[in-house]
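K.L.:
Heads up: the sequence shown runs through residues 113 to 489, numbered per the numbering used here.
Beta carbons: idealized from backbone N, C-alpha and C, even for Gly.
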Amino acid sequence: MSLHARIHFINFARTLTVTSIFFLIPLHFLKIGFNGMQIGVIISIFALAPLLISFPTGWINDRFSMAGVIRGGLLAESLLLLFIAWTVDFYLMAAAFLLLGMANNALDVSLNSLYYKDEKVMDQNRKYGLYVFWIGFGPAIGVFAGGFLMKFADFRVLLAAFALITVLVFFAARRFDHEKFHVVSFGDYRTSMLRKKTLLFIVFLFVLALHWSVEGTVYSPFLEKSFGLDSLQVSYYISAGLFFLSFSAFLVGCLKFNVRANKRLLFLAMFCSGAGLVLMVNSNVYVSLAFRLVHEIGDGALGALTTLFISRLFEKKSIGGSAGMLTSIQIMGQMVGALVFSPLGFRYGLQYPFLICGGLIIVNSFYGALIFRRLEY
Numbered sequence: 113m114s115l116h117a118r119i120h121f122i123n124f125a126r127t128l129t130v131t132s133i134f135f136l137i138p139l140h141f142l143k144i145g146f147n148g149m150q151i152g153v154i155i156s157i158f159a160l161a162p163l164l165i166s167f168p169t170g171w172i173n174d175r176f177s178m179a180g181v182i183r184g185g186l187l188a189e190s191l192l193l194l195f196i197a198w199t200v201d202f203y204l205m206a207a208a209f210l211l212l213g214m215a216n217n218a219l220d221v222s223l224n225s226l227y228y229k230d231e232k233v234m235d236q237n238r239k240y241g242l243y244v245f246w247i248g249f250g251p252a253i254g255v256f257a258g259g260f261l262m263k264f265a266d267f268r269v270l271l272a273a274f275a276l277i278t279v280l281v282f283f284a285a286r287r288f289d290h291e292k293f294h295v296v297s298f299g300d301y302r303t304s305m306l307r308k309k310t311l312l313f314i315v316f317l318f319v320l321a322l323h324w325s326v327e328g329t330v331y332s333p334f335l336e337k338s339f340g341l342d343s344l345q346v347s348y349y350i351s352a353g354l355f356f357l358s359f360s361a362f363l364v365g366c367l368k369f370n371v372r373a374n375k376r377l378l379f380l381a382m383f384c385s386g387a388g389l390v391l392m393v394n395s396n397v398y399v400s401l402a403f404r405l406v407h408e409i410g411d412g413a414l415g416a417l418t419t420l421f422i423s424r425l426f427e428k429k430s431i432g433g434s435a436g437m438l439t440s441i442q443i444m445g446q447m448v449g450a451l452v453f454s455p456l457g458f459r460y461g462l463q464y465p466f467l468i469c470g471g472l473i474i475v476n477s478f479y480g481a482l483i484f485r486r487l488e489y
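1) With respect to the alpha helix (DSSP H) encompassing D411, which residues constitute its N-terminal and C-terminal limits?
2) Give every residue of the same chain whose Cβ lies closer than 6 Å to the Cβ of A252, excluding the five residues on either side of it in the sequence, and list them in chain order.
3) By how many angstroms is the C-alpha of F453 removed from the C-alpha of I151?
4) Excluding the 5 residues preceding and the 5 following G250 in the sequence, name in chain order all residues of the same chain whose CB lies nearer than 6 Å to its CB.
5) Would you please state the rounded distance, in angstroms, between the beta carbons of N237 and A435? I believe it to be under 8 Å.
6) Using the three-state DSSP reduction, which class does K229 fall into: helix, strand or coil?
7) Helix, strand or coil, according to DSSP, for R307 in the structure here?
8) Given I422, which residues of its chain have a CB within under 7 Å of its CB, disregarding the five upstream and five downstream residues?
9) Measure the beta-carbon distance from E327 to F135 and round it to whole angstroms, keeping in mind my assumption that it falls under 8 Å.
10) Could you give the C-beta distance for V319 and N476, rounded to a whole number, given that I count them as a contact under 8 Å?
11) Hey, V406 and L322: beta-carbon distance below 8 Å or not?
12) Taking the alpha-carbon of A265 as reference, which of S343, M214, N396 and N217 has the nearest alpha-carbon?
13) By the 10 Å Cβ neighbour count, where 16 or more other Cβ atoms means buried, how is C469 classified, buried or exposed?
14) Could you say if the region 176-196 and the region 270-282 meet the contact criterion of at least three C-beta pairs nearer than 8 Å?
15) Measure the Cβ-Cβ separation of L377 and A413 and say whether it is below 8 Å.
16) With F195 as the anchor, note down where its alpha helix (DSSP H) starts and where it stops.
17) Would F313 and H140 be called neighbours here (beta carbons separated by less than 8 Å)?
18) With a threshold of 6 Å on Cβ separation, who are the neighbours of K309 within its own chain once the five nearest residues in sequence on each side are excluded?
19) Would you mind sorting M234 into buried or exposed? The rule is 16 or more other CB atoms within 10 Å of its CB.
20) Report the three-state DSSP secondary structure of F202 (helix, strand or coil).
21) Where in the region 308-371 do unbroken runs of the beta strand (DSSP E), each at least 3 residues long, occur, reported from the N-terminal end onward?
22) For my contact list, G457 and G148 are in at a C-beta cut-off of 8 Å; report their separation, rounded to the angstrom.
23) Taking just the CA atoms, how far does P168 sit from F478?
24) Applying the 10 Å Cβ sphere with the 16-neighbour rule, what's the burial state of K239?
25) DSSP three-state label for L219, please.
26) Mark I144 as exposed unless 16 or more other C-beta atoms lie within 10 angstroms of its C-beta, in which case mark it buried.
27) Grab me the residues of F202's own chain with a C-beta within less than 6 Å of its C-beta, minus the 5 sequence neighbours each way, in chain order.
28) By a C-beta neighbour count over all protein chains shown, 10 Å radius and 16 as the cutoff for buried, is E189 buried or exposed?
29) Residues in the same chain with beta-carbon distance under 7 Å from L389, minus the five sequence neighbours each way, listed in chain order, please.
30) Could you check what DSSP says for V279 in three-state terms: helix, strand or coil?
31) Using the Cα positions of L401 and R302, report the straight-line distance between them to the nearest angstrom.
32) Report buried or exposed for S440, applying the criterion of at least 16 other Cβ atoms within 10 angstroms of its Cβ.
33) Residues in the same chain with beta-carbon distance under 6 Å from Q446, minus the five sequence neighbours each way, listed in chain order, please.
34) Which word fits N216, buried or exposed, when buried means at least 16 other C-beta atoms lie within 10 angstroms of its C-beta?
35) So, is Y331 buried or exposed, given that buried needs 16 or more other C-beta atoms within 10 angstroms?
36) Indicate the three-state DSSP secondary structure (helix, strand or coil) for G461 in the structure shown.
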């Protein structure tokens, strides 16, 4: 199996498990008695974890190991999913999600590093379009299958099944022979991060990441309350959007690499993402789903294109740590969003987080158009 195929396989499996849980677990939290604030705290803690580990993981990736971190992250995720399945205490759950967030981020940063550093000659749109396709396709399958397990068994069975999948991937993930390491000083990272173009790009990514918290806190409860959907129908709704997200990334990979065309597509994708998020609060479930698909199409293209532009932003020797710091910034946006939008949604109305985040993303599309026009990415 080629390096790219092995990375895609691991990304598919890990997002099928952990990312799927991110969408579905608020329903489980409500059933075991957690309130909106507690759900927001847990998701924000999950989001906080990468701030503790993203850069150290990236630094280790640049200088020592990627394969070892990947195998360790997979094993940790499997054990934590089993622990979460049988935990009903808020503080233990929060601790488990802190560790799960650290393990998942270690995997995310390490797989990104391995893929960024690979020097195989291929069209850059195709390279990163396929990468994001498999990341999006995993939760599309996971949420769809998870709905059945939640409907006909319970959430603990779902978590146990996902833990089994993760441990099987751990045994299948052998040594990677394509690891490249360099001596990278902390000054190199500081220089790459403090450039004007990097700082402006950080703001762009932070605002984009705010809406991830909405999807991890109020998304499934909104569908359940607004449209009267059961757990299986919620999974259908969410997974339909994720299928469109993954294939949108795939279509970006079908386009020939062109910097100017990619920039124009990035702005369009951002605008569609924001508009779809705003309009999905429509009271008709079919109209809501249609606009959700618009949002996910935008998100899929955004995922492929932002990953591509990050690969162009840093040198290969230091991209592990530098991209890890960018991941930390995105996760900070997710954490801030969870602390703000979960309490707001459960107190004033579950539609408001979608309206506010969608509006921010639309504004962000114009901000992105401005910085990409003035600076070369």
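P.N.:
The short version:
1) Numbered from its first residue, the sequence shown carries residue 411 at position 299. Under the DSSP assignment, D411 falls in the alpha helix (DSSP H) whose first and last residues are V397 to L425.
2) Position 140 of the sequence shown, counted from the start, is the residue given in the question as residue 252. Excluding residues up to 5 positions away in sequence, S351, L354, F355 and S358 lie with their Cβ nearer than 6 Å to the Cβ of A252 in the same chain.
3) For the purposes of this step, residue 151 is taken as the residue at position 39 of the sequence shown. For the purposes of this step, residue 453 is taken as the residue at position 341 of the sequence shown. Going from the Cα of I151 to the Cα of F453 covers about 11 Å.
4) For the purposes of this step, residue 250 is taken as residue 138 along the sequence shown, with counting starting at 1. Within the same chain, Cβ atoms closer than 6 Å to the Cβ of G250 are found at F124, T127 and L128, the five residues on either side in sequence being excluded.
5) By one-based count along the sequence shown, residue 237 stands at place 125. By one-based count along the sequence shown, residue 435 stands at place 323. Not really, about 19 Å apart at Cβ, beyond 8 Å.
6) Taking the sequence shown and counting its residues from 1, the one referred to as residue 229 is at position 117. The answer is helix: DSSP assigns K229 an H, G or I state.
7) Locating residue 307 in the sequence shown gives position 195, where the first residue counts as 1. R307 falls in the coil class under three-state DSSP.
8) Residue 422 sits at position 310 when you count from the first residue of the sequence shown. Excluding residues within five positions, the ones whose Cβ falls inside 7 Å are A435 and L438.
9) Residue 327 sits at position 215 when you count from the first residue of the sequence shown. Residue 135 sits at position 23 when you count from the first residue of the sequence shown. With 8 Å as the limit, E327 and F135 qualify as a contact, their Cβ atoms being about 6 Å apart.
10) Residue numbering aside, residue 319 sits at position 207 when the sequence shown is read from its first letter. Residue numbering aside, residue 476 sits at position 364 when the sequence shown is read from its first letter. That belief holds up - the Cβ atoms of V319 and N476 are roughly 4 Å apart, short of 8 Å.
11) The residue you call residue 406 lines up with position 294 of the sequence shown. The residue you call residue 322 lines up with position 210 of the sequence shown. Going by C-beta atoms, V406 is not nearer than 8 Å to L322.
12) The sequence position of residue 265 within the sequence shown is 153, counting from 1. Considering only alpha carbons, the answer is S343.
13) Looking up residue 469 in the sequence shown gives position 357. Burial check for C469: the Cβ neighbour count within 10 Å reaches 16 or more, so the residue is buried.
14) Look at the beta carbons and you see the region 176-196 touching the region 270-282: at least three pairs across the two are nearer than 8 Å.
15) For the purposes of this step, residue 377 is taken as residue 265 along the sequence shown, with counting starting at 1. For the purposes of this step, residue 413 is taken as residue 301 along the sequence shown, with counting starting at 1. Contact: yes.
16) On the sequence shown, residue 195 is found 83 positions in, with the first residue counted as 1. Per DSSP, F195 belongs to the alpha helix (DSSP H) from A179 to A197.
17) Position 201 of the sequence shown, counted from the first residue, corresponds to residue 313. Position 28 of the sequence shown, counted from the first residue, corresponds to residue 140. For the pair F313 and H140, the CB atoms are not nearer than the 8 Å cut-off.
18) The count along the sequence shown starts at 1 and reaches residue 309 at position 197. The residues are L487.
19) Numbered from 1 along the sequence shown, position 122 holds the residue referred to as residue 234. Exposed, because fewer than 16 other Cβ atoms sit within 10 Å of the Cβ of M234.
20) For the purposes of this step, residue 202 is identified with residue 90 of the sequence shown, where counting begins at 1. Three-state result, F202: helix.
21) Within the region 308-371, no complete beta strand (DSSP E) run reaches 3 residues.
22) The residue you call residue 457 lines up with position 345 of the sequence shown. The residue you call residue 148 lines up with position 36 of the sequence shown. Contact holds; Cβ gap of about 7 Å.
23) Translated into positions along the sequence shown, residue 478 becomes position 366. Translated into positions along the sequence shown, residue 168 becomes position 56. If you draw a straight line from the Cα of F478 to the Cα of P168, it comes to about 33 Å.
24) Counting from one through the sequence shown, the residue named residue 239 turns up at place 127. Classification for K239: buried.
25) As a first step, residue 219 is located in the sequence shown; it is residue number 107 there, counting from the start. Three-state result, L219: helix.
26) Taking the first residue of the sequence shown as 1, we reach residue 144 at position 32. Exposed is the label assigned to I144, since fewer than 16 other Cβ atoms lie within 10 Å of its Cβ.
27) As a first step, residue 202 is located in the sequence shown; it is residue number 90 there, counting from the start. Result list for F202: Q150, in chain order.
28) Locating residue 189 in the sequence shown gives position 77, counting from the first residue. Its Cβ being crowded by 16 or more others within 10 Å, E189 is buried.
29) As a position in the sequence shown, residue 389 is number 277, starting the count at 1. Within the same chain, H323, H407, F466, C469, G470 and I473 come within 7 Å of L389 by CB-CB distance, once the 5 residues on both sides are set aside.
30) Along the sequence shown, one-based indexing puts residue 279 at 167. Here V279 sits in helix by DSSP.
31) Translated into positions along the sequence shown, residue 401 becomes position 289. Translated into positions along the sequence shown, residue 302 becomes position 190. Rounded to whole angstroms, L401 to R302 spans 43 Å at the Cα level.
32) Along the sequence shown, read from residue 1 onward, the residue named residue 440 stands at position 328. Taking all protein chains in view, the Cβ of S440 is crowded by 16 or more other Cβ atoms within 10 Å, so the residue is classified as buried.
33) As a first step, residue 446 is located in the sequence shown; it is residue number 334 there, counting from the start. For Q446, where only same-chain residues beyond five positions count, the Cβ hits under 6 Å are A159, A321, W324 and S325.
34) Taking the sequence shown and counting its residues from 1, the one referred to as residue 216 is at position 104. Counting C-beta atoms within 10 angstroms of its own C-beta, N216 has 16 or more neighbours from the protein chains shown and is therefore classed as buried.
35) The count along the sequence shown starts at 1 and reaches residue 331 at position 219. Residue environment analysis places Y331 among the buried positions, since at least 16 neighbouring C-beta atoms fall within 10 angstroms of its C-beta.
36) As a working note, residue 461 is residue 349 in the sequence shown. DSSP, read as helix, strand or coil, puts G461 in coil.
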